[in-house]
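A.B. asks: Please read through the structure below; I'll follow up with questions.
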Amino acid sequence: EADIYQTPRYLVIGTGKKITLECSQTMGHDKMYWYQQDPGMELHLIHYSYGVNSTEKGDLSSESTVSRIRTEHFPLTLESARPSHTSQYLCASSDPLQAVDGYTFGSGTRLTVV
Amino acid sequence: SQQGEEDPQALSIQEGENATMNCSYKTSINNLQWYRQNSGRGLVHLILIRSNEREKHSGRLRVTLDTSKKSSSLLITASRAADTASYFCATDATEDMRFGAGTRLTVKP
């Protein structure tokens, strides 16, 4: 069973809209991540966090923001959606003290901007 | 930026055959991990090999690591149709993990 949850699972939204993708984990992991992945392609790191009140930019961060007010919650916000944002967004978490367990991923949010 | 690169991009085999996927990376690493992704879903962690290890086994999975060549391989033995998925290597070098584009494995029944 996945211990990291992403909502919504699918989202179709118009250009210019502000959207927030939700991610929550119940494992108490300090580190959390957002990745963007086009079908059949590599994952691109958007943002990550070391813990509460920590946020760091990844490779594709310029058009989105994140917050980490609580350990379990790491939402991603697109201030103004564009068709180029159409993609799958994957949230993940990890325990730095348990590296052998790797990252735990959510099932993803598939976003379509029309 | 991308760190690991998988090869081949796609692989199609018959059930019962072995599948070998390779991964090359560019910089020094702490560990290398392999993940599996079923179509349209998140990634699932399969196995981690540390930089001071050369080989590791987990069930039908065998992973090797050659740090001198900056490469790793994932072997799935006695493949099953349910192994059909994309397989990604990921390198853990600094503060975050970088994934390649994956190998798309199709196992025909």
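Taken in sequence, the protein lines are chains H and A.
With this note's numbering, the residue at position 10 of the first sequence is 10, and numbering never jumps.
With this note's numbering, the residue at position 24 of the second sequence is 138, and numbering never jumps.
Where is the CB? At the ideal position from N, CA and C, for every residue including glycine.
1. Please look up how many angstroms separate the CB atoms of A/G216 and A/S200, rounded, as I've assumed it's under 8 Å.
2. H/Q6 to H/H73, Cα distance in whole Å?
3. With 16 other CB atoms within 10 Å as the buried threshold, where does A/A124 fall?
4. Under the three-state reduction of DSSP, which class applies to H/E63: helix, strand or coil?
5. Would DSSP call A/A215 helix, strand or coil?
6. Can you give me the C-alpha to C-alpha distance between H/A81 and A/G154, rounded to a whole angstrom?
7. Excluding five sequence neighbours on each side, which residues of the same chain lie with their C-beta closer than 8 Å to the C-beta of H/I19?
8. Buried or exposed: H/K17, going by 16 or more other Cβ atoms within 10 Å of its Cβ?
9. Residues of the segment 86-111 of chain H in Cβ contact with chain A at a cutoff of 9 Å, in chain order, please.
10. State the Cα-Cα distance for the pair H/H85 and H/Y33, rounded to the nearest angstrom.
11. Mapping the DSSP letters down to three states, classify A/S187 as helix, strand or coil.
12. For A/T181, which option in A/T205, A/A195, A/D197, A/P122 has the closest C-alpha, if you only look at C-alpha atoms?
13. Nearest-angstrom Cα distance between H/G108 and A/R168?
14. Mind checking A/H171: buried by the 16 CB within 10 Å criterion, or exposed?
15. DSSP state of H/H85, grouped into three classes?
C.D. replies: Reading off the structure:
1. In the second sequence, counting from the first residue as 1, residue 216 of chain A sits at position 102. In the second sequence, counting from the first residue as 1, residue 200 of chain A sits at position 86. The pair is a contact, with the Cβ atoms about 4 Å apart (cut-off 8 Å).
2. In the first sequence, counting from the first residue as 1, residue 6 of chain H sits at position 6. In the first sequence, counting from the first residue as 1, residue 73 of chain H sits at position 73. Their Cα atoms are separated by approximately 10 Å.
3. As a first step, residue 124 of chain A is located in the second sequence; it is residue number 10 there, counting from the start. Flag for A/A124 reads exposed.
4. One-based indexing of the first sequence puts residue 63 of chain H at position 63. If DSSP states are grouped into helix, strand and coil, H/E63 belongs with the helices.
5. In the second sequence, the residue the question calls residue 215 of chain A occupies position 101. A/A215 falls in the coil class under three-state DSSP.
6. Counted from its first residue, the first sequence places residue 81 of chain H at position 81. Counted from its first residue, the second sequence places residue 154 of chain A at position 40. Spanning the two alpha carbons is a distance of roughly 21 Å.
7. Taking the first sequence and counting its residues from 1, the one referred to as residue 19 of chain H is at position 19. In the same chain as H/I19, and ignoring 5 residues on each side of it, the C-beta atoms closer than 8 Å to its own belong to L11, I13, T77, L78, A81, L111, in chain order.
8. Within the first sequence, numbered from 1, the residue matching residue 17 of chain H stands at position 17. By the neighbour-count rule (16 or more Cβ atoms within 10 Å), H/K17 is not buried but exposed.
9. Listed by position along the chain: Q88, L90, C91, A92, S94, A99, V100, D101, G102, Y103, T104, F105, G106, S107, G108, R110.
10. As a first step, residue 85 of chain H is located in the first sequence; it is residue number 85 there, counting from the start. As a first step, residue 33 of chain H is located in the first sequence; it is residue number 33 there, counting from the start. The alpha-carbon atoms of H/H85 and H/Y33 are separated by roughly 18 Å.
11. Position 73 of the second sequence, counted from the start, is the residue given in the question as residue 187 of chain A. Here DSSP, grouped into helix, strand and coil, assigns A/S187 to strand.
12. The residue labelled residue 181 of chain A in the question sits at position 67 within the second sequence. Closest option to A/T181, judged by alpha-carbon separation, among A/T205, A/A195, A/D197, A/P122: A/T205.
13. Looking up residue 108 of chain H in the first sequence gives position 108. Looking up residue 168 of chain A in the second sequence gives position 54. Their Cα atoms are separated by approximately 33 Å.
14. What you label residue 171 of chain A is simply residue 57 of the second sequence in a count that begins at 1. Note on A/H171: under 16 other CB atoms within 10 angstroms of its CB, so exposed under the neighbour-count rule.
15. The residue labelled residue 85 of chain H in the question sits at position 85 within the first sequence. H/H85: helix per DSSP, three-state reduction.
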